[in-house]
Amino acid sequence: PTREGRVQAIEEISRVLRPGGRVALLDLHCTHEYAGTLRRLGWSQVGRSGPIFLIYPPVRVVYGTKPKRPLEGS
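Here my numbering is used: the first residue of the sequence shown is 799, the next is one more, and so on.
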């Protein structure tokens, strides 16, 4: 439930996902944090949907693609 915990979870997803893999995360809040963490980790095609009202309560989806090669200095 903490910001640090959310960052740690995204970093772990990034660590275990294969290069070139894609992720989609659904959440009610904090999707801007997820997108920011993915960008900081060098992911491409990072985006965030608008509210999806087909689900109650409405959620947003954060998505991105992991780099195919490690970034310099990683």
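Here a beta-carbon is modelled for each residue, glycine too, at the ideal position from N, C-alpha and C.
Give the straight-line distance between the Cα atoms of residue i and residue j, rounded to the nearest whole angstrom.
i              : j              : result
alanine 822    : valine 860     : 6 Å
threonine 829  : glutamate 810  : 17 Å
tryptophan 841 : isoleucine 808 : 11 Å
serine 853     : proline 817    : Looking at the sequence provided, one finds isoleucine at residue 853 rather than serine. Each residue's Cα considered, the two are about 31 Å apart.
arginine 846   : leucine 824    : 10 Å
glycine 848    : proline 799    : 22 Å
serine 812     : arginine 838   : 11 Å
arginine 801   : alanine 833    : 13 Å
Under 9 Å, do residue i and residue j count as touching if we go by C-beta distance?
i             : j             : result
valine 805    : glutamate 831 : yes
glutamine 843 : glycine 819   : no
Assign residue i to buried or exposed, taking buried as 16 or more other Cβ atoms, counted over all protein chains shown, within 10 Å of its Cβ.
i             : result
arginine 858  : buried
glycine 803   : exposed
lysine 866    : exposed
threonine 835 : buried
leucine 826   : exposed
Problem - Contained alpha helix (DSSP H) runs [length at least 4] in the stretch 824–870, N- to C-terminal order - result: For the stretch 824–870, whole alpha helix (DSSP H) runs of length 4 or above, ordered along the chain, are 829–838.
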